[in-house]
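Residue numbers (the numbering used here): 290 to 427.
Below, the structure is given as structure tokens:
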């Protein structure tokens, strides 16, 4: 008997800590849900927090990556990453994901580093400028 296995894609969502609102988040998470995908996100404030709350609201599979002690209290599964720096967690999400989305304020070095990491790994990343809503696929 033939059994087709459908594997969901893991989408790493990265964003600037300075972002307190993003009008596109509800639509983005709905699209991820409709395509049967899973979100990988950090435990930081800013965009990470917005993404986690929307995943909970829409019941989208989401894994929260963290270093040391988890900083959020969201009821989502977590994955503790060894290391001392947020960049260690970000590199782990980049390695574990199939593709990524960065919502960037144009200033955040962390989000810029995540974009560069995805390029080095030859993985697709969609970058949305939160100030202009310009979209680039890299």
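Note that the Cβ used here is the ideal one computed from N, Cα and C, for glycine as well.
Our two residues, residue 385 and residue 338, have alpha carbons roughly 20 Å apart in a direct line. For residue 418, the enclosing beta strand (DSSP E) begins and ends at 414-418.
Between the segment 361-375 and the segment 302-314 there are fewer than three inter-stretch CB-CB distances shorter than 8 Å, so the stretches are not counted as touching. Fewer than three beta-carbon pairs drawn from the segment 360-369 and the segment 388-396 are found closer than 8 Å, and the two stretches are therefore not classed as touching. Nearest C-alpha to residue 319 among 343, 361 and 364: 343.
Following the DSSP letters along the chain, one finds residue 367 inside the beta strand (DSSP E) bounded by residues 367-370. If the five residues before and after residue 379 are omitted, its C-beta is found closer than 6 Å to the C-beta atoms of 403, all from its own chain and listed in chain order. Taking C-beta separations shorter than 8 Å and ignoring five residues to either side along the sequence, the partners of residue 359 in its chain run 332, 353, 367 and 369, following chain order.
DSSP places residue 423 in no beta strand (DSSP E); its state is neither H nor E. Judged by beta-carbon spacing, residue 345 lies within the 9 Å limit of residue 365, meaning their Cβ atoms are closer than that value.
Within a 10 Å sphere around the beta-carbon of residue 382 sit 16 or more other beta-carbons, which makes this residue buried. In the structure shown, residue 397 adopts coil according to DSSP, grouped into three states.
For residue 391, DSSP records a beta bridge to 303 and 416.
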